[in-house]
Amino acid sequence: MLLIVFDGEEVHEHEVNEQGVDEQEVHEAVVSVNTFMSPKGTKYFIPEVEPQFKPVLGSLFENLDDAVNLYRSYAELAGFDTRLSIATLVVKKDDPLDVTSITNIPRSTNIKVTGCTARIRVKLLKTCNLYKLYEFREAHNHPLVSSDNMDFMRKRRQLSFHAKEFINKLSLARVGPNVAYRVQSALQGGSHNVKGTKTEFKNFNRDLRSFILPKDAQMVKDMMEERSKNLENFYFECIESDGELKSLFWADNVSRCNYQVFGDVMAFDGTYDTNMYGMIFVPFTGVDHHKKCVTFASALLYDETTESFTWMLECFLKAHGTQPKLVLTDQDPAMRQAILKIKGDTLQNTNLRKRIHKLVWNKYITSSEFEEKWNLLMADCKLENHKWLRKVFAIRNEWVPAFFRDKPMSWLMRTTSRSESSNAYFKINSSSTNSLVQFMLCFDMAIDRQRHEQRVLEFATDTTTPVLTTRLELEKHAALVYTRNIFNQVQQEMSLCVAYIMIGIPQLVDGVEHILVSQFKRSKKYFECKVIYNPTDCSLTCSCMAFNCIGLLCRHMYAVLRMKDITLILEKYICPRWKKNALPKKVFSLEFRYGFDNSESFKLGKEALEIVQDCSDRIRSNPEKLAQLVEQLTVIKSKIFEEFPSEPSSKAGDVFKDLTSLKEPEHVSTGPPSGIKTKGSGTSKSRRLIGLREKGKLKAKRKKRRCNKCGKLAYHDSRNCTYKGNKEDESDEDDEDDEDDESDQK
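Set out below in structure tokens:
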């Protein structure tokens, strides 16, 4: 005999039972209770429920779920919850009350158990293979839940799959369960309409993470291996050591297509705080034909050693086959922090910084001119022996733009700001609390958003026509060739070329014209450029070297083309990376979009929701039609619940698979990395770098206090006071305070 006992505090969602108890009728009923006292003085509560909803002794059920659904529907109507033990399903308040344990409770808590014996019992009849209800205890020794508080019952607090999916998807956008609950409350019209409380939302997030963590690295490895088998041109490599995942590199087909077109210049820089293990995330970033950041590949590294970076770059070459023409990476941030700590205010001089900035980022000077002007600047400021300035000047060929003028596309990225922007872009979704699986799902969301923005710009370029600002035929041709963002830049150069005129008479050398071009405004003469023009093939070169450095004709060359009455941009001067059709259309197809579920069940489920939503939106102002719609949907729901009385599996593995489309690994051979220690960002306690201006503002907010050692109002105290009791030190302290005052005024 199988003994099942029902009652209590734990409700599960089974809305329709064999006897036809409908959830809608249950919700509309009002809980009323009869009470009586036992001979021993115990007060009992008997809910008043319509006879058709009550369990009936002798009832037969084809399966156990029907009996469970019957009693749970009755329990919800009566105002109590149920729970299922290993052998019995009992009232959650049926546990005996341990009085001795109460006196030892270390903190404030609540006790729910009352020893309630309300229940039903069923047994299996082997002769007919049916379940028979043979006992029904109706009286409770605890008050029942009122109809106004039904939303706090466990049945109502259990999260539906839709709610779990909502929480999981918001977590991929770096929205936690607390905010997810508030958003759901707003969407549902109040907290009372939300299934589950804030605690259930947080518990689900916790349970999902607990399920992932033991299999985290194995899941990521399996996911990458599956993608490399099923997706076109997906490249993946990893390093394992001592059963732990150490490094990971991947690049999909779209990334590889982007590199083939836009891979002439690339930047990469590691970033931290993207996963709970401390692995360094390194995205490889370039610039597409809309002048937006595009990702060529990505990697997760265990450490920042030469061996790790060498392995990563070797994987990059294997994936893409060719090296970029120019690579940018940042200087060690710890060095930058050390620079800020240099004693003295020489480098903090605003005028000096402006002069250095103007010299370094001058696009039109040559390397020899830079060296000459740098030496003059150092002599003028008496910085010839400055240690750090001499060090950076020694490696000037690695960072000064003047030394890269002969490199194609060297003006495309002159700093690591693109790489830093890309790092920040991916960290919008991810955080330092994410597992590797969650990080990869967040990465998929971020890369999908990046490609969606690229697709938006593609659509705008293909479906709109720019407004022309000049009468040049060259401008009309440029509008047909270039993407919208690139055309705007070209249009600006064409607008400026009108103000440029030819200086003197062109010099003819071997049939090639050497033309001096300059802009004149009143009596002021601007920078002159020499344009070499070959009349035989209409080829041009300019001394500013803009075309070589950016792949677009400069204003000086457009001025010569205008003078020569040339109406079309020659094909050899239209760089393929800037054209509208630079990328093949297949990279924008659905099969290459991350986060896109192409399964039949997902598409049909989405279509069903859209149909119901469209119908309710169409008749939202007609209560009668809405009532008819609800009635029809209720009939459909009853049929479905009759055919499928139980919900799909609620096991963590099955729910995780439905939420993420990832399979739970059968065995785990690869674990997550441990013991990762990064060098950090060069700041104490991993804080961000703070500029001098911000430091001054923060210092200005501080109040001076009197030092017990020197007796002065200052920003120090006796612990770090430099006063030693002699006049020389006292004067030094005065100077220090004066400097602090000056910084405050600034």
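Note that the UniProt record's numbering gives residue 330 to position 330 of the sequence shown, counting from 1, and the numbers run on in steps of one. Every residue gets a Cβ at the ideal spot worked out from N, C-alpha and C, and that includes glycine. Keep in mind the model is a prediction, meaning the values are calculated, not measured.
- Y131 sits close to L64, with the two beta carbons spaced by under 7 Å.
- Around the CB of Q323, fewer than 16 other CB atoms lie within 10 Å, so the residue is classed as exposed.
- If the five residues before and after G504 are omitted, its C-beta is found closer than 7 Å to the C-beta atoms of L516, all from its own chain and listed in chain order.
- Rounded to whole angstroms, the gap between the alpha carbons of P214 and G671 is 8 Å.
- Secondary structure of R137 (DSSP, three-state): strand.
- Per the C-alpha coordinates, the member of D151, K43 and K198 positioned closest to P143 is K43.
- Rounded to the nearest whole angstrom, the C-alpha separation of L568 and I486 is 17 Å.
- Around the C-beta of A460, fewer than 16 other C-beta atoms lie within 10 Å, and the residue is accordingly described as exposed.
- Taken through DSSP and simplified to helix, strand or coil, A379 comes out as helix.
- Taking 4 residues as the minimum length, the alpha helix (DSSP H) runs contained wholly in the stretch 167 to 248 are 177 to 188, 198 to 212 and 216 to 230, in order along the chain.
- Straight-line measurement puts the Cα of H556 at about 10 Å from the Cα of V498.
- For A297, the three-state secondary structure derived from DSSP is strand.
- By alpha-carbon distance to L133, the top candidate from C381, R119 and Y259 is R119.
- Boundaries for R471: no beta strand (DSSP E) harbours it, and the DSSP string shows neither H nor E there.
- Out of S543, I395, Q454 and C554, the CA that lies nearest to the CA of L474 is found in C554.
- Under the three-state reduction of DSSP, M409 is assigned to coil, being neither helix nor strand.
- Secondary structure note for Y259: its alpha helix (DSSP H) is the uninterrupted segment N253 to F262.
- Straight through space, the alpha carbons of T274 and R702 are spaced by roughly 34 Å.
- By the 16-neighbour rule on beta-carbons within 10 angstroms, S73 is buried.
- The C-beta separation of L359 from L377 comes to about 6 Å, placing the pair in contact by the 8 Å criterion.
- Around the beta carbon of I212, 16 or more other beta carbons sit within 10 angstroms, so the residue counts as buried.
- Distance from the CA atom of T722 to the CA atom of R705, rounded to whole angstroms, is 15 Å.
- When DSSP reads this structure, N534 sits in a beta bridge with S539.
- Cα atoms of N548 and M409: separation of roughly 6 Å, rounded to the nearest angstrom.
- Across the structure, A186 and H192 are spaced so that their CA atoms are roughly 11 Å apart.
- In this structure, DSSP gives S599 a state outside helix and strand, which the three-state scheme calls coil.
- In its chain, beyond the 5 residues on either side, M440 and L662 have a beta carbon closer than 7 Å to the beta carbon of M223.
- The Cβ neighbour count for E76, taken over all protein chains shown within 10 Å, is at least 16; the residue is labelled buried.
- Shown here for S718: same chain residues with a beta carbon closer than 7 Å to its own, the five before and five after excluded, namely C707, N708 and K709 in chain order.
- In terms of Cβ geometry, V265 and M413 form a close pair [threshold 7 Å].
- It is roughly 16 Å from the alpha-carbon of L248 to the alpha-carbon of S255.
- Shown here, A446 sits in a helix according to DSSP, grouped into three states.
- Secondary structure note for M266: it is in no alpha helix (DSSP H), and the uninterrupted beta strand (DSSP E) holding it is V265 to F268.
- In this model, E513 and T366 are separated by some 23 Å (Cα to Cα).
- Cα atoms of T465 and V220: separation of roughly 45 Å, rounded to the nearest angstrom.
- Checking the DSSP bridge columns, you'll see W374 has no partner listed.
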